[in-house]
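As structure tokens, the structure follows; a few thoughts come after it.
Dropping the structure here:
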């Protein structure tokens, strides 16, 4: 293959770019993936690897999540669990008040109607699922479809499959601009790599994650993808102490209750490595990488409150990532009518790993002119009411 | 130990508004002018110099007694096994005088796990673990003198019980009065091997050999070798005399390339090396022994400067070190570094750098000028020390051949038990192009020690596999530790929340993650 | 405490300590080399760095796992147990 032409150029070697590359390359397209850094250098390496259906808003996002859930199962069957530590661990949502429990009961009923496997459990049932939980839990919900992967291994595995199908990977190559055909159609990218000044292709996929807005701006386009900082705490290695993905239901009964600058809602789970991950915080502080002990304090407090044994467990490290979010908290998936040939696949906020499989599939269908499994209208890039930079 | 500032309740920060008069210094919560982290040669010199500069100093150290690793000793020790003990005694006396006068608080047994810059106040909050509980100390300026520990390179068998770092063998002997074995092979590279081998032999161990991978005789001819360095050479020669007296062979261009045994060391394989540290064919032999003491120079402890965003650089010996100017000042305002953390150079250099850092930090905190004569005298000692260190770095540079001693199944990360093939696989199969990515793929450096032991080797293996030299960024990717010590979650939960600030309005995010 | 002698126990066996010594020093002095087995491969480990950097010499001391024996000063009657894996088997579910 000529190194300067392809059928599709994918900007971004994170989980979304990898999933798009896998979908397109396995459909027989010549794919080139470019990234200014390394594999999974952004949010894909700074998250928990969640494949969740339990937390999705009913509607288009849940549709995407359910499609993804099925596709991930297929990948697991093709590659084996070990390739990216796929774990169908299931999600447990914990309620600690009667009001929250009632809210959870209503939510699970609606989720079941939408195709989610969701069961309400009482306090005893909850303790059976998670014996180390605090004694004062009221009840909760059980979501067997929730799963987890090791996100970096997942990204690398998908890229590996894509490369086996002929895709090329160009790391350390930053996209510096778009090539345009005489009719204005996007026809490729320019990069900073000396050996890859131009890469032309009829399709360019913007899978630059939290930096997707910057990539769009290279083409004079406004795409409101913004960073949301999230910290995760990692404990010392332990035996299996938390079986499922466990999170608190307060956010369900409590929507729009707070407007402080920092939000934390507890998410706890074990990993294959033996560490326990404690998330998650949300802050809008731009790309500030500085450590926040206040986040650590809050998460530690909440974690010890839910799993009292954690008081004596040590924190080993923390990491942070910048989740790409859009104002309406839905991802952007689709061709940009302002720049034909440019397809955005970004803005997945904290759900990029989970939603990547469906995103790749849909981008593949779109590029090949096939009907898409899910209606892309809710995800269209021009829905934000801004047109040009 | 002084109990200033206010005796540690978990997480209670010392108030900024506190006593400013020296008389009240010993009793009331206060922000100290200069906090010195580490009480080895550099930190002791810094604390004493800063206190002489008329400011209030907190000397914060993990150890039970001052002295650091260099002067590690048991209570009541006479210093017979230590070099430069009179210097220690003098510094300790000054420290005690400062404590008595209320100008220095010696906070022993404090393991610092994080230092944060306070947003608006121009101060630092130092978070330490004391007896498993939390404690915070506030300071206007910082001197980081956290020293270094033995740099390690993996080799087959190095995880067997009976393989110790050279520093461990020394610490057990000097600090605990315990010999780590009976028949000991001392191996690695650097001037530290000689005193370790000599001390073990003097203490009654059979040292089966001291195997130096470099060729330090080249160093004696180095043009930078100054008079002071000459004195150091004689010191080295003194160790050699001890080794000769005990019949211990000192072999240059030679290394322990494997430790043998099932559940503990029963012997070593030793080989001759060429200039690049590749094994000379036919030179291998087996020596029976029960213990190996091994080290390959030193790895500076740079967690705190990295937490504070200090600019780093790759030193000539391949270490990631903090970049400092002539005043020992880092790129981060108010942060000074002295000793091995800004370049491995031994105790003499650390003492000089510590004194300069202490004088400068005190001047910065008080707004008074540092004593120019004191600065001039110590400046020339530092210059000598740096020239000597530069010569050492050249003489004992790590050769790339160490990687050829490894097998695919040789453990690199001792904590997570990650072998060479997994690190190579992270590059070859998974596409890692830097050590941090390889770490996240293979888990090397993700265990309890957080890459302290395997960071240098992992970074070297990844860089080599990618066909390039190791960079400062490579090492930084293995050295950044926002939490410098494991901290119980109960201690973190007890941290003091910030005072309420006006809320900024934004939408409640929906997702839990 | 220097000079004073007392005993601690490793897995029930008496180990003599010279006052001021760390648990690791006392164990090595008694001829022991290892008091931990690793989490993944079950291999024996003892002191490596001796100064609290490497976390290889972990032991369960008086019921608290993951104590660095090289940093922990021995006290009369300390009960040290060989640590298996992560040392938190009591929490496993």
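Protein chains in written order, with my numbering: chain A, 1 to 389; chain B, 390 to 902; chain C, 903 to 995.
Cβ atoms here follow ideal geometry from the backbone N, Cα and C, with glycine treated the same way.
Model, not experiment: these values are computed from the prediction.
For the options 509/B, 654/B, 605/B, the alpha carbon positioned closest to that of residue 664/B is the one of 605/B. Taking one beta carbon from each stretch, the region 150-168 of chain A and the region 814-821 of chain B have 3 or more pairs nearer than 8 Å; the two touch.
By the neighbour-count criterion, in which 16 or more other beta carbons inside 10 Å mark a residue as buried, residue 888/B falls on the exposed side. With at least 16 other beta carbons inside 10 angstroms of its own, residue 871/B counts as buried. When the beta-carbon positions are compared, residue 732/B and residue 704/B come within less than 8 Å of each other. The beta-carbon of residue 309/A is placed less than 8 Å from the nearest beta-carbon of chain C.
Taking the beta carbon of residue 653/B as reference, the chain C residues within 9 Å of it are 935, 936, 946, 948, listed in sequence order.
Proximity of the region 584-594 of chain B to the region 967-986 of chain C falls short of the contact definition, fewer than three beta-carbon pairs being nearer than 8 Å. For residue 245/A, the secondary structure class from DSSP, reduced to helix, strand or coil, is strand. By the neighbour-count definition (other C-beta atoms within 10 Å, threshold 16), residue 852/B is a buried residue. Neighbourhood of residue 952/C in chain B, by CB distance below 7 Å: 553, 554, 556, 557, 560, 561, in chain order. When C-beta atoms of the region 63-78 of chain A are compared with those of the region 144-155 of chain A, three or more pairs fall below 8 Å, so the two segments count as touching. Burial state of residue 314/A is buried, judged by a 10 Å Cβ sphere holding 16 or more other Cβ atoms. When 7 Å is used as the limit between beta carbons, residue 993/C is near these residues of chain A: 132, 238, 239, 241, 309, in chain order.
Around the C-beta of residue 793/B, fewer than 16 other C-beta atoms lie within 10 Å, and the residue is accordingly described as exposed.
Interface flag for residue 968/C against chain A is set, since a Cβ pair is found closer than 8 Å.
With fewer than 16 other beta carbons inside 10 angstroms of its own, residue 119/A counts as exposed.
Selection 291/A, 369/A, 96/A evaluated against residue 29/A yields 369/A as nearest (Cα-Cα). Non-local beta-carbon contacts of residue 126/A in its own chain, meaning distances under 8 Å to residues more than five positions away in sequence, involve 92, 94, 133, 137, 139, 140 in chain order. The alpha-carbon separation between residue 805/B and residue 840/B amounts to approximately 10 Å.
In this structure, the beta-carbon distance from residue 572/B to residue 598/B does not fall below 8 Å. Non-local C-beta neighbours of residue 293/A in its own chain, meaning closer than 7 Å and more than five positions away in sequence, are absent. Near chain C, meaning a CB-to-CB distance below 7 Å, the residues of the region 822-853 of chain B are 837, 838, 841, 842. Residue-level contact check: residue 957/C touches chain B, since one or more beta carbons of chain B fall below 8 Å from its beta carbon.
Contact annotation: residue 503/B and residue 882/B have beta-carbon atoms that are not nearer than 8 Å. It is roughly 50 Å from the alpha-carbon of residue 635/B to the alpha-carbon of residue 752/B.
Boundaries of the beta strand (DSSP E) around residue 513/B: 513-519. Shown here, residue 524/B sits in a strand according to DSSP, grouped into three states. Taking 8 Å as the cut-off between beta carbons, the residues of the region 795-825 of chain B near chain C are 803, 804, 805, 806, in sequence order.
Counting only residues of its own chain and dropping the five nearest sequence neighbours on each side, residue 44/A has a CB closer than 6 Å to the CB of 14, 15, 151, 155. Looking at the DSSP output, residue 148/A bridges to 50/A, 87/A.
In the structure shown, residue 101/A adopts helical secondary structure according to DSSP, grouped into three states. The beta carbon of residue 105/A is closer than 6 Å to those of 120 in its chain, skipping five residues each way along the sequence. Taking every protein chain shown into account, the CB of residue 70/A has fewer than 16 other CB atoms within 10 angstroms, so this residue is exposed. Within the model, the alpha-carbon separation for residue 962/C versus residue 969/C is close to 6 Å. Counting along the chain, the unbroken beta strand (DSSP E) around residue 503/B starts and ends at 500-506.
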